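The numbers in numbering that gives the first Met the number 0 rise by one with no breaks, and the one at position 127 of the sequence shown is 126. Glycine included, C-beta positions come from ideal geometry on N, C-alpha and C. As the structure is a prediction and not an experimental result, all values here were calculated from the model. Just below is one structure, and these are the notes that go with it.
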Amino acid sequence: MNETGKLDRLLIDVCRANFMKKRSIFSRFGLHRGQPPLLFILFERDGRTVGDLSKEMGLSPATVSKMIQRMELSGFVHKRQDKSDMRIFRIYLTAKSREIEGELEKTMLDVERQTFSAFSAEERDLLERFLRKLKESLSK
């Protein structure tokens, strides 16, 4: 392989492999790859606003709104107007989401364990530091 772009190509390949693996796993739950993070945020504290969710996920409000629409249609969340401010809608989990919560959390842990099983604890720590540094560099 040509040295030019070697690391970039490797990063693309890793991201693609991660995407494909998670797409396959989450489809068994009826979820798209980007939806579980939204569910995990709501598992921690239900009834958040689109603005809250978009900030926490690092996505635009429009992207989160579209995600919520899809998840409403598939029965994972529902919107309700805030009682104290009728301009605000809050997003709540449905019984369907609550039913898969434990299995989804276990699956996420299993995937992470499997993904990083070839790494020692020290290597995982080092990888985490490198990835944080890379993320910071790309955010500038």
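Check whether residue i and residue j have beta carbons under 8 Å apart
i	j	result
K21	R8	no
I87	K78	no
G46	R89	yes
S64	V49	yes
L37	L52	yes
F18	L103	no
T106	I24	yes
F129	R123	no
F42	E111	no
L108	F118	no
Alpha helix (DSSP H) segment containing residue i, residue limits
i	result
I99	A94 to T114
G50	V49 to M56
A61	P60 to L72
S26	K5 to S26
E2	Per DSSP, E2 belongs to no alpha helix (DSSP H) and is neither H nor E.
Span of the beta strand (DSSP E) around residue i
i	result
K78	V76 to Q80
Closer than 8 Å to chain D by CB, residue i
i	result
P35	Looking for chain D here will not work: only one protein chain is present.
Residue i: CB within 7 Å of a non-hydrogen atom of the ligand PLP
i	result
D81	You won't find the ligand PLP in this model; it holds no ligand whatsoever.
Residues that residue i bridges to, as DSSP identifies them
i	result
F88	Q80
Cβ neighbour criterion (16 or more within 10 Å) applied to residue i
i	result
F75	buried
P35	buried
L10	exposed
L30	buried
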